[in-house]
Structure formats: structure tokens, C-alpha cells
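Asks:
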Amino acid sequence: MKLILTADVDNLGAPGDLVEVKDGYGRNFLLPRGLAIPATRGAQKQVEGIRRAQDARKVRDLDHANELKQAIEGLAAVSLAVKTADSGKLFGSVTTADVASAIKAAGGPVVDKRSIELPKSHIKATGKHGISVHLHPDVVAKFNLEVAAN
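Structure follows, in C-alpha cells:
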């Protein structure tokens, strides 16, 4: 079965890659999870859109990573308003996707949520939290995220 990957799949490929897999793996795992689409002529056109979106998020080189680091660390205040109980405990938790959208909302660059590292893997309380963004193997941007009650 020939498929076009729409997401990064371990040991298989990156988004936009044309891969050939066993029928059961494609039909029972990749397609239902939205990790791939069937390889057709129309889907080939979608591959270009997928690659353009991936290139927009990708850090090109060390100089570009340093520029992004300066932009992130230069942000005045990165804050996120969340629903909380009276005690200051969150309903749910702050995820890496929430942090990525908070960076963008504060005027920063678009950052891939997989490159963001949260303290203790989840933020479950209001206050200031130190966040690390791994932009390149040699470049890590650090900033404080203010989690406030909504």
C-alpha cells in the first residue's frame, strides 16, 4: 500500500514522504490516526502544502536558531490565562501546545510544540514557570511563563 505521510512517524519517515507499507499497518494504524493519506494524484499536490508548512516551522541553521533564541528571550512578558479553582490549582494542565500559542500571542516566532520542554512535564499551578525551548542541538532558549487565573 502506497501512502503519503502527514506527520513524523518513527522508523518510517517525515511528513510528505511517499512510503510503501503493508496493507494492515496502513489501514489499521496510519490512516485512522491521520498519520498518512492514500497516495493519489490529488494527494501529491497536498504534499507540497505539507512540506511548505513544515519548512516554515523548521529551524534552518545555527544562525537562524540564534535569531529565534534572541526573539524568544527578548519577549517582555509571556503569559497564559487559564481556568483555576479558588486554591490556585488549574482545571487540567498547561501543555506544550498552550505554551507555543502563548509565545506566538506575545509577539514571538512560531515554535514547534515538540521542541518545548516544561518543568515536571506538566504545569498544574499558577505562577511563574521556567520554560526551555530546544531550537537546535546547540541552542536552547529559556524564558519565564506567567500562568495566571482567568
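Per the working numbering, residue 2 is the first one in the sequence shown, and the count goes up by one each step. Note that the Cβ used here is the ideal one computed from N, Cα and C, for glycine as well.
Run through DSSP, which three-state label would A77 get?
Replies: A77 falls in the coil class under three-state DSSP.
Asks: Would S102 count as contacting chain C if we go by Cβ distances under 7 Å?
Replies: The chain labelled as chain C is not found in the depicted structure, where only one protein chain is given.
Asks: Which term fits K70, buried or exposed, when burial requires 16 or more other beta carbons within 10 angstroms of its beta carbon?
Replies: K70 comes out buried.
Asks: From the DSSP secondary-structure annotation, give me the bridge partner or partners of K129.
Replies: According to DSSP, K129 bridges with E147.
Asks: CA-CA distance, K143 and Q55?
Replies: The alpha-carbon atoms of K143 and Q55 are separated by roughly 23 Å.
Asks: Between the beta-carbon of L76 and the beta-carbon of V148, is there less than 7 Å?
Replies: No.
Asks: Please classify A101: is it buried, with 16 or more other beta-carbons within 10 angstroms of its beta-carbon, or exposed?
Replies: Buried, since its Cβ has 16 or more Cβ neighbours within 10 Å.
Asks: What span of residues does the beta strand (DSSP E) with S94 cover, start to end?
Replies: Start and end: 90-95.
Asks: Over the uninterrupted beta strand (DSSP E) stretch that includes K3, give me the two end residues.
Replies: Its beta strand (DSSP E) spans residues 3-6.
Asks: Specify the secondary structure class of V111 as computed by DSSP and reduced to three states.
Replies: Three-state DSSP puts V111 in coil, outside helix and strand.
Asks: Does DSSP put P120 in a helix, a strand or coil?
Replies: Three-state result, P120: helix.
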